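Engineer:
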Amino acid sequence: MAARFFVDGGVDNNWGTTGNWSTTSGGAGGSAVPTASDDVTLDSAGNVPCTLNTTNRVCKSITITAGYTATLNIATFNLTVSGLINMGANVTLAGTGTLIGQTTATHTSNGKVVNIKVTFQGGATHTLADVWNISGTLSLGSSITTTTVNGNSINASGSFNAGVGTNVLGTTQLNLTGTGTWTSTGSGGLRLSVNINTSGTITMSGNIRYNTGTFTYTTGTVIATGSTLTFATAAPTININGAGLTLGTVNPQVSMSFGGTSGFSMQTFTCTTAGLTITWKSGLTYTITTSITVTGTIVAPSSVSFVASTGGSQAFINLLDGAAQDIAFCNATDIGRTAGQKIYARNGTLSNTTWIALVPSVLKRGYASTF
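Residue 734 is where the sequence shown starts when you use the numbering used here, and the numbers rise one by one after that.
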């Protein structure tokens, strides 16, 4: 392992030129281009633009000091760092490539808004020493192993991708604060707490798996048409603290609860995992526009249970006219309905609810074809 300082080699400003690298700050150039074993520093003694050229580049760590006020341009390539990332407060970042934190390390932003793509890869624990503000695309996890992100929060004002067949967990809170697309390209789940609080637009795309943690919506436009929000693995809490949220398909695969100060709308609610308990916030209304499917089983673990958060105080489901419904082996307690169509349930126990129990005599009068 060796130190590499970027200097003015007098030839060009390329990362891949040996004449631009020294073993000392401000020293003579001519040292080897950094390898994955070398610690890179950009400082005031080499305050000239640095551009990744020709190919992807690597280093053991990168430290950009406050005195470096030039541009680090990663161009169309990736810069993979196998140790710590210490961002410069006054550096200008450019390029369409990706800054990749590859292995376990502590990363410091020094208040810099990072406007390039950032990936914290899987199989590692990334500790954030301060708040990271990322306006480029953020990706968490890029392998089939678990990614852990601990420490301070991330304010992501661009697009966000969680996981490639991996779970993303840790103590960091992810704040979606701008306009972008939220995608999940794997079968794993996001286990960080997430808060949507933006004046922009968040587009949810594809099947997004959210596990554990607390998902909070405060404000912002969410476009979720055709997307599926799957809750799996461990019980999450969903806090909705602002009006106007409409989700696509909500698909609980674990027991979970809805909280906060507002209800929300969804196109489809699908719960086909027996034995779950879904807790709805008392006094709030949840609107379903397209369909509801809740099917437990006749054998253990048996029925799905819908309950209100406060016993004796109803939560309300508004199933719009024209929406399809198939509710069987669902026990509903303190669950009412508001405007919209009547809600029917078969083979379940209903208590303090305005749902209608379907019995064989009702089915004979022609309801069976509807449900």
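Built from N, CA and C at the ideal position, the CB exists for glycine as well. The structure displayed is predicted, hence computed values, not measured ones.
Compute the Euclidean distance between the alpha carbons of threonine 1010 and valine 1037, then round it to the nearest angstrom.
Structural biologist: Along the sequence shown, one-based indexing puts residue 1010 at 277. Along the sequence shown, one-based indexing puts residue 1037 at 304. One C-alpha to the other measures close to 6 Å.
Engineer: Any idea if valine 744 is buried or exposed, counting beta-carbon neighbours within 10 angstroms, 16 or more meaning buried?
Structural biologist: Within the sequence shown, numbered from 1, the residue matching residue 744 stands at position 11. Exposed, since its Cβ has fewer than 16 Cβ neighbours within 10 Å.
Engineer: Output the distance between the C-alpha atoms of leucine 871 and alanine 857, rounded to the nearest integer angstrom.
Structural biologist: Translated into the one-based positions of the sequence shown, residue 871 becomes position 138. Translated into the one-based positions of the sequence shown, residue 857 becomes position 124. Each residue's alpha carbon lies about 16 Å from the other.
Engineer: If distances are taken between C-alpha atoms only, which option among Thr813, Gln835 and Ser794 comes closest to threonine 788?
Structural biologist: Sequence index remark: in the sequence shown, residue 788 carries index 55 (1-based). When each option's Cα is compared against that of threonine 788, the closest is Thr813.
Engineer: Please specify which runs of the alpha helix (DSSP H), each continuous and at least 4 residues long, are wholly inside the stretch 941-993, giving them in chain order.
Structural biologist: none
Engineer: Between the stretch 826-835 and the stretch 799-810, do three or more beta carbon pairs fall short of 8 Å?
Structural biologist: yes
Engineer: With 16 other CB atoms within 10 Å as the buried threshold, where does glycine 960 fall?
Structural biologist: Indexing the sequence shown from 1 puts residue 960 at position 227. Reading off the sequence, residue 960 comes out as serine, not glycine. So serine 960 ends up on the buried side.
Engineer: Go through its chain and collect everything with a Cβ distance to alanine 1033's Cβ below 7 Å, but skip five positions before and after it.
Structural biologist: Sequence index remark: in the sequence shown, residue 1033 carries index 300 (1-based). Residue placement at alanine 1033 is flagged as unreliable, the pLDDT there being 49, under the threshold of 50; a coordinate-derived value is accordingly withheld.
Engineer: Use the C-beta contact count for threonine 774: other C-beta atoms within 10 angstroms, 16 or more gives buried, fewer gives exposed.
Structural biologist: On the sequence shown, residue 774 is found 41 positions in, with the first residue counted as 1. The residue is buried, with at least 16 neighbouring Cβ atoms inside 10 Å.
Engineer: For threonine 836, which option in Thr881, Ala799 and Ile1025 has the closest C-alpha, if you only look at C-alpha atoms?
Structural biologist: Sequence index remark: in the sequence shown, residue 836 carries index 103 (1-based). Checked all of Thr881, Ala799 and Ile1025; the closest Cα to threonine 836 is Thr881.
Engineer: Between Phe997, Asn930 and Thr1026, which lies nearest to tyrosine 1019 when the distance is taken from Cα to Cα?
Structural biologist: Residue 1019 sits at position 286 when you count from the first residue of the sequence shown. The shortest Cα separation from tyrosine 1019 among Phe997, Asn930 and Thr1026 belongs to Phe997.
Engineer: Take glycine 1081 as the anchor and find which of Arg1070, Phe1062 and Asn930 has the nearest alpha-carbon.
Structural biologist: Here the question's residue 1081 lines up with position 348 in the sequence shown. Looking at the Cα atoms, Phe1062 is the closest of the given residues.
Engineer: Which same chain residues, not among the five before or five after asparagine 801, have their C-beta less than 8 Å away from its C-beta?
Structural biologist: Along the sequence shown, read from residue 1 onward, the residue named residue 801 stands at position 68. The amino acid at residue 801 is misidentified as asparagine; the sequence shows tyrosine. Leu775, Asp776, Ser777, Gly779, Asn780, Gly821, Asn823 and Val824.
Engineer: Given a threshold of 16 other Cβ atoms within 10 Å of its Cβ, counted over all protein chains shown, does leucine 890 qualify as buried or as exposed?
Structural biologist: The residue labelled residue 890 in the question sits at position 157 within the sequence shown. According to the sequence shown, residue 890 is serine rather than leucine. So serine 890 ends up on the buried side.
Engineer: Under the rule that 16 or more other beta-carbon atoms within 10 Å means buried, what is serine 1102, buried or exposed?
Structural biologist: Here the question's residue 1102 lines up with position 369 in the sequence shown. Because the pLDDT of serine 1102 is 34, which lies under 50, any placement of that residue in the model is unreliable, and the question is left without a value.
Engineer: To the nearest angstrom, how far is the alpha carbon of glycine 884 from that of glycine 922?
Structural biologist: Taking the sequence shown and counting its residues from 1, the one referred to as residue 884 is at position 151. Taking the sequence shown and counting its residues from 1, the one referred to as residue 922 is at position 189. Going by the C-alpha atoms only, they are around 19 Å apart.
Engineer: DSSP three-state label for alanine 1033, please.
Structural biologist: Position 300 of the sequence shown, counting from 1, holds the residue named residue 1033. Bear in mind that the predicted position of alanine 1033 carries a pLDDT of just 49, short of 50, making it too unreliable to give a figure here.
Engineer: Checking the sheet assignment: what are the DSSP bridge partners for glutamine 906?
Structural biologist: The residue labelled residue 906 in the question sits at position 173 within the sequence shown. Beta-bridge pairing links glutamine 906 to Ser926.
Engineer: Take glycine 874 as the anchor and find which of Thr899, Asn888, His859 and Asn866 has the nearest alpha-carbon.
Structural biologist: Position 141 of the sequence shown, counting from 1, holds the residue named residue 874. Checking every option, the nearest Cα to that of glycine 874 belongs to Thr899.
Engineer: Since glycine 933 contacts threonine 912 with CB under 8 Å, what's their CB separation in whole angstroms?
Structural biologist: Within the sequence shown, numbered from 1, the residue matching residue 933 stands at position 200. Within the sequence shown, numbered from 1, the residue matching residue 912 stands at position 179. Right, the Cβ-Cβ distance comes to about 3 Å (below 8 Å), so this counts as a contact.
Engineer: Looking at the secondary structure, which residues open and close the beta strand (DSSP E) in which threonine 1077 lies?
Structural biologist: Here residue 1077 refers to the residue found at position 344 when the sequence shown is read from its first residue. Going by the sequence as given, residue 1077 is tyrosine instead of threonine. Taken as a continuous stretch (DSSP letters only), the beta strand (DSSP E) holding tyrosine 1077 covers 1077-1079.
Engineer: Starting from the Cα of threonine 1005, find the closest Cα among Ala765, Thr994, Ala1065 and Thr1030 and give me that residue.
Structural biologist: Here residue 1005 corresponds to residue number 272 of the sequence shown, with the count starting at 1. It is Thr1030 whose Cα lies nearest to the Cα of threonine 1005.
Engineer: What does the Cβ neighbour count give for valine 1040, buried or exposed, with the cut at 16 atoms within 10 Å?
Structural biologist: Indexing the sequence shown from 1 puts residue 1040 at position 307. Burial call: buried.
Engineer: Between asparagine 984 and threonine 966, which are expected to be in contact by the criterion C-beta below 8 Å, what is the C-beta distance as a whole number of angstroms?
Structural biologist: As a working mapping, residue 984 is identified with position 251 in the sequence shown. As a working mapping, residue 966 is identified with position 233 in the sequence shown. The pair is not a contact, with the Cβ atoms about 13 Å apart (cut-off 8 Å).
Engineer: Taking only the alpha-carbon atoms, compute the straight-line gap between serine 764 and arginine 924 and give it to the nearest angstrom.
Structural biologist: What you label residue 764 is simply residue 31 of the sequence shown in a count that begins at 1. What you label residue 924 is simply residue 191 of the sequence shown in a count that begins at 1. Taking the straight line joining both Cα atoms gives about 44 Å.
Engineer: Cutting at 6 Å between CB atoms, please list the residues of its own chain near alanine 862, excluding the five before and the five after it.
Structural biologist: By 1-based counting over the sequence shown, the position of residue 862 is 129. Counting only Cβ-Cβ distances below 6 Å, and skipping sequence neighbours, we find Thr839 and Thr841.
Engineer: Tell me which same chain residues have a C-beta within less than 8 Å of the C-beta of leucine 980, skipping the five on either side of it?
Structural biologist: Numbered from its first residue, the sequence shown carries residue 980 at position 247. Within the same chain, leucine 980 has close Cβ partners Met937, Val955, Ala957, Ser960, Leu962, Phe997, Ser998, Met999 and Gln1000.
Engineer: Given this structure, state the Cα-to-Cα distance separating glycine 834 from cysteine 792, to the nearest angstrom.
Structural biologist: Looking up residue 834 in the sequence shown gives position 101. Looking up residue 792 in the sequence shown gives position 59. Rounded to whole angstroms, the separation of the alpha carbons of cysteine 792 and glycine 834 is 10 Å.
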